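For the sequence shown, the positions run 88 to 393 when the working numbering is used. For every residue, glycine included, the Cβ atom is placed at its ideal position computed from N, Cα and C. Please read all numbers here as calculations on a predicted model, not as lab measurements. These notes are about the structure you will find just below.
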Amino acid sequence: MDRATLPARLAGPIAYPPTPFTDDDPEAPVDLDAFRHLIRRLVEHGVPAVTPCGGTGECFSLSMDEWQAVTEAAVQEANGRALVLASVSGSIGRATAQARAAQRLGCPAAQITTVDPMFGMTGAGAERYARAVAGAAGIGFMLYRTAAAPLSVPAACRLAEIGNVVAVKEESGDLLWFREFMAAQRGAAPDRRLTGVCGGEGLFPYYALEGAAAFSTGAVNLAPALSMELWQAVSAGDRQRIGTVQDRLAPLAALRAKPGRSIPAVKEGLRLLGVFASSACRPPLAALSAEESAQVAAMLRSWEAR
Numbered sequence: 088m089d090r091a092t093l094p095a096r097l098a099g100p101i102a103y104p105p106t107p108f109t110d111d112d113p114e115a116p117v118d119l120d121a122f123r124h125l126i127r128r129l130v131e132h133g134v135p136a137v138t139p140c141g142g143t144g145e146c147f148s149l150s151m152d153e154w155q156a157v158t159e160a161a162v163q164e165a166n167g168r169a170l171v172l173a174s175v176s177g178s179i180g181r182a183t184a185q186a187r188a189a190q191r192l193g194c195p196a197a198q199i200t201t202v203d204p205m206f207g208m209t210g211a212g213a214e215r216y217a218r219a220v221a222g223a224a225g226i227g228f229m230l231y232r233t234a235a236a237p238l239s240v241p242a243a244c245r246l247a248e249i250g251n252v253v254a255v256k257e258e259s260g261d262l263l264w265f266r267e268f269m270a271a272q273r274g275a276a277p278d279r280r281l282t283g284v285c286g287g288e289g290l291f292p293y294y295a296l297e298g299a300a301a302f303s304t305g306a307v308n309l310a311p312a313l314s315m316e317l318w319q320a321v322s323a324g325d326r327q328r329i330g331t332v333q334d335r336l337a338p339l340a341a342l343r344a345k346p347g348r349s350i351p352a353v354k355e356g357l358r359l360l361g362v363f364a365s366s367a368c369r370p371p372l373a374a375l376s377a378e379e380s381a382q383v384a385a386m387l388r389s390w391e392a393r
């Protein structure tokens, strides 16, 4: 995957599928059949890209064997119909091993999922981590900027000089940073420009104005048609339609914004839809309350009614 071919593949919603477990036991195995069902559902709705084992996929809870099994299942079910970006994370040794494994499994690209090592990190540390991971395998890599991994604009531009760094996902909500970075990219040679990705559907209309081609989303797992409609509305500049789709997604966004509810809310929705047999999460995550589960059920009914 290179900068000449990526933009055509990385445009629209990038799904971040949760990882299902067979039951509520903290040591219950991954339910690969349910995961395959979800990937097929996303691909059938035209979702252009999926990132298994990302944050929504509970990367922090998976063993290396589980990570590999889930990533391989995504590659097999996508079967070239959607771009599969592996998510590589954790210790530098684990992340580089995952990068090499992603290449063996046939992933054209991977997201460098830099996570907060409990005590925070500097921009220099985030840059060093990204540089080491990108050098570990000959596939494309997407940088991952968050409040916890605060790459500066100059650092991101330096990383853009690495030939197989092909995209950057900005998830901190710092639109001014993204605007400045994309402006700097416009002054770079065409083969040194990264594809811009917005971290989340809520801010995508604004990031798209600054050059974002895609947005990451967990909501797409429950409402792939709505996520595709949002992308189409933004592409067409249809402000009224954008507002309508955002209003419909707002209840899910509000629930997922609560501490510890982001992943369980999506899993419960998938259980209610019959895609997952269980909405179980591994500790330290906890299941939704009965009231929260009822909110998800009401939201799904409201989507079906329109």
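When the Cα atoms are used, A196 and A186 turn out to be separated by approximately 9 angstroms.
Every unbroken stretch of the alpha helix (DSSP H) spanning 4 or more residues and falling wholly within the stretch 318 to 369 is given here in chain order: 326 to 343 and 349 to 359.
In this structure L281 touches A254 by the C-beta definition: roughly 5 angstroms separates them, less than 8 angstroms. DSSP places I226 in no beta strand (DSSP E); its state is neither H nor E.
DSSP places P116 in the coil class of the three-state scheme, outside both helix and strand. Secondary structure note for F268: its alpha helix (DSSP H) is the uninterrupted segment L262 to R273. Apart from sequence neighbours up to five positions away, the residues of its chain that approach E355 with a beta-carbon distance below 8 angstroms are S366, A374, L375, E379, S380 and V383, ordered along the chain. When secondary structure is reduced to three states using DSSP, C140 falls in the coil class, being assigned neither helix nor strand. When DSSP states are grouped into helix, strand and coil, T282 belongs to the strand group. Annotated three-state conformation of L309 is coil, per DSSP. Take the alpha-carbon of K256 and the one of A320: they are about 21 angstroms apart.
Beta-carbon to beta-carbon, F302 and P100 are separated by about 6 angstroms, close enough to satisfy the 8 angstroms threshold.
With a threshold of 16 other beta carbon atoms within 10 Å, M386 meets it and is buried. In this structure A160 is in contact with I126, their Cβ atoms being roughly 7 angstroms apart against a cut-off of 8 angstroms. Taking all protein chains shown into account, E248 has fewer than 16 neighbouring C-beta atoms within 10 Å of its C-beta and is therefore exposed. When secondary structure is reduced to three states using DSSP, L172 falls in the strand class. The beta-carbon distance between R266 and E297, rounded to whole angstroms, is 5 angstroms. This is short enough to meet the 8 angstroms contact definition.
Short of 7 angstroms from the beta carbon of G133, and not among the five residues preceding or following it, lie these beta carbons of its own chain, in chain order: M315. Under the three-state reduction of DSSP output, S303 falls in the strand class. Distances from the alpha-carbon of D152 to those of A188, R215 and L339 put A188 closest. Taking every protein chain shown into account, the CB of A341 has fewer than 16 other CB atoms within 10 angstroms, so this residue is exposed.
Bridge partners of V202 according to DSSP: none are assigned. When DSSP states are grouped into helix, strand and coil, G193 belongs to the coil group.
Bounds of the alpha helix (DSSP H) holding A384 are A377 to E391. Following the DSSP letters along the chain, one finds P237 in no alpha helix (DSSP H), marked with neither H nor E. Bridge pairing for V252: F228 [DSSP]. Within its own chain, the residues whose Cβ lies closer than 6 angstroms to the Cβ of T109, once the five positions on either side in sequence are excluded, are A115, P116 and D118, listed in chain order. For a cut-off of 8 angstroms, the C-beta gap from Q190 to G225 is around 6 angstroms, short enough to register as a contact. Bridge partners of E257 according to DSSP: R232 and C285. Following the DSSP letters along the chain, one finds P277 in no alpha helix (DSSP H), marked with neither H nor E. DSSP places G99 within a strand segment (E or B) once states are collapsed to three.
Between the stretch 200 to 210 and the stretch 234 to 245 there are three or more C-beta pairs closer than 8 angstroms, enough to call the two in contact.
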